[in-house]
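Engineer: So for the sequence shown, the numbering used here puts the first residue at 4; every next one is plus one. Every residue, glycine too, gets a C-beta built ideally from N, C-alpha and C. Supplied in structure tokens, the structure appears directly below.
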Amino acid sequence: MKPERTQLHWMYQQMLVSRFFEEAIEKIYMEGKSPAFNMAKGPIPGEMHLSNGQEPCAVGVCAHLAASDIVTATHRPHHIAIAKGVNLNEMAAEIFGKETGLSGGRGGHMHLFDGRVNFSCSGIIAQGMGPAVGAALSRKLQGKPGVAVAFLGEGAANQGAFHETLNLAAVWQLPVVFVIEDNAWGISVAKRQSTAVDRNDGRAAAYGMPGTFVPGNDPVAIFAAAGEAIDRARRGEGPSLIEIETYRLAGHFMGDAEGYRPEGEKEALQARDPIPAFRTLLLGEGALTEAEDQHLVQAARERVDAAIRFARDSAYPAPETALEKVFV
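In structure tokens:
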């Protein structure tokens, strides 16, 4: 399964939007946090987890999904939210804690929710797996179409929820796909120090479902693997698991000194940045012209600039509304 030209352009542009968005967020996040770093200060307080480097995982999977399909994501969610079609203006406002945000500024960047496109994420490791399986079960019991996709990190594959949800998805033959974004680091712990197996796709066999490994952070290869798994789910043939080798180009969170990385690792990964690599591939294969590239880059920047302006210009929630919508 190969993406068509229009799909390649969509994938490339969504990767650009995600990267430009996070570059803007990264810069704004540091406002007011110097000379001494204090994550409570500035226009974006709290933790911030950037997904730069992992953009191929989102576009390769979400290219096959419709708004009616369900996606649950992790505490590193921006690239997935953008590829799933979450409203970027409202997403930016939510990150800024503004009343025009997706949840009125109450959720922040780790708790983005957009029911219009069936997207949610959570700061709890493996937390999104249960809701994804529940959503798939609901669709099956009601005889409704649609698939659920649960994104998780490789560290989440060692949580109890991972094994419980894979087991139930297989027992009930649910239309769900589990996508592991393996960036090799669970915060500061290397995968080889925490996980007994080299690759988590092999764990799928224990639950009677196909497991696929996609090396190299390759958006086209991810597209092919995801297309097969999602088509299988739509045909009623049950769940699948995909593990993607990807790379976290930044630290676990903003302010992470990254002293745990071996010398030269970060520089080597940055040299393999998937966005310029994808651009070079598309240009080399004639799937993208220089003029089209310039247009897609400009459109992505304009979209991000508009979202940041919207967030900055929006009002904060009134203090007297602090307890409203808490249980909605």
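Excluding the five sequence neighbours on either side, which residues of its own chain have a C-beta within less than 6 Å of the C-beta of Cys60, listed in chain order?
Structural biologist: Closer than 6 Å at the Cβ level, and outside the excluded window around Cys60, lie Glu184, Ile247, Thr249.
Engineer: One question on the structure: do Met132 and Val62 come within less than 8 Å of each other, judged by their Cβ atoms?
Structural biologist: Cβ atoms of Met132 and Val62: not closer than 8 Å.
Engineer: Measure from the alpha carbon of Pro222 to the alpha carbon of each residue in Ala187, Tyr319, Gln57, then state which is nearest.
Structural biologist: Closest by alpha carbon: Gln57.
Engineer: Answer yes or no: do Arg251 and Trp188 have a C-beta to C-beta separation smaller than 8 Å?
Structural biologist: Yes. Within cutoff.
Engineer: Cβ of Gly158 within 8 Å of Cβ of Ser191?
Structural biologist: No, these two residues do not count as a Cβ contact at 8 Å.
Engineer: Going by DSSP, what residue range makes up the alpha helix (DSSP H) through Ala153?
Structural biologist: That residue, Ala153, is in no alpha helix (DSSP H); its beta strand (DSSP E) goes 151-156.
Engineer: Counting Cβ pairs closer than 8 Å, one from the segment 74-93 and one from the segment 108-125, do we hit at least three?
Structural biologist: Short answer: they touch.
Engineer: Assuming Val152 and Asp276 make a contact with CB atoms under 8 Å, what is their CB distance in whole Å?
Structural biologist: That pair is no contact at about 25 Å.
Engineer: Tell me, to the nearest whole angstrom, how far the beta carbon of Gly45 is from that of Glu34; I am working on the premise that it is less than 8 Å.
Structural biologist: Yes, Gly45 and Glu34 are in contact; Cβ-Cβ is about 5 Å, under 8 Å.
Engineer: When the Cα of Ala321 is compared with those of Val217, Gly100, Asn41, which residue comes out closest?
Structural biologist: That would be Gly100, whose Cα lies nearest to the Cα of Ala321.
Engineer: Going along the chain, which unbroken runs of the alpha helix (DSSP H) with 4 or more residues stay wholly within the segment 242-322?
Structural biologist: Entirely contained in the segment 242-322, the alpha helix (DSSP H) runs reaching 4 residues are, in chain order, 268-273, 277-287, 293-316.
Engineer: Determine the burial state of Val68: buried for a count of at least 16 other Cβ atoms within 10 Å of its Cβ, exposed for fewer.
Structural biologist: The sequence shown places Leu at residue 68, rather than the Val named in the question. Result: buried.
Engineer: What span of residues does the beta strand (DSSP E) with Val62 cover, start to end?
Structural biologist: That residue, Val62, is in no beta strand (DSSP E); its alpha helix (DSSP H) goes 58-65.
Engineer: Tell me which same chain residues have a C-beta within less than 7 Å of the C-beta of Ala303, skipping the five on either side of it?
Structural biologist: Around Ala303: Gln16, Leu19, Val20, Phe23.
Engineer: Between the alpha carbons of His52 and Pro265, how many angstroms are there, rounded?
Structural biologist: Taking the straight line joining both Cα atoms gives about 21 Å.
Engineer: Alpha carbon to alpha carbon, what distance is there between Glu268 and Ile278?
Structural biologist: Ile278 and Glu268: Cα-Cα distance of roughly 18 Å.
Engineer: Do you know offhand how far Pro134's Cα is from Ala294's?
Structural biologist: For Pro134 and Ala294, the distance between alpha carbons rounds to 43 Å.
Engineer: Taking the continuous beta strand (DSSP E) assigned at Glu184, which residues delimit it?
Structural biologist: Residues 179-185.
Engineer: Would Met4 be called buried (16 or more neighbouring beta carbons within 10 Å of its own) or exposed?
Structural biologist: Under this definition Met4 is an exposed residue.
Engineer: Let's see if you can read the secondary structure: which residues bound the alpha helix (DSSP H) around Thr9?
Structural biologist: Where Thr9 is concerned, the enclosing alpha helix (DSSP H) stretches over 8-32.
Engineer: Which first and last residues belong to the alpha helix (DSSP H) in which Ile85 is found?
Structural biologist: Start and end: 81-87.
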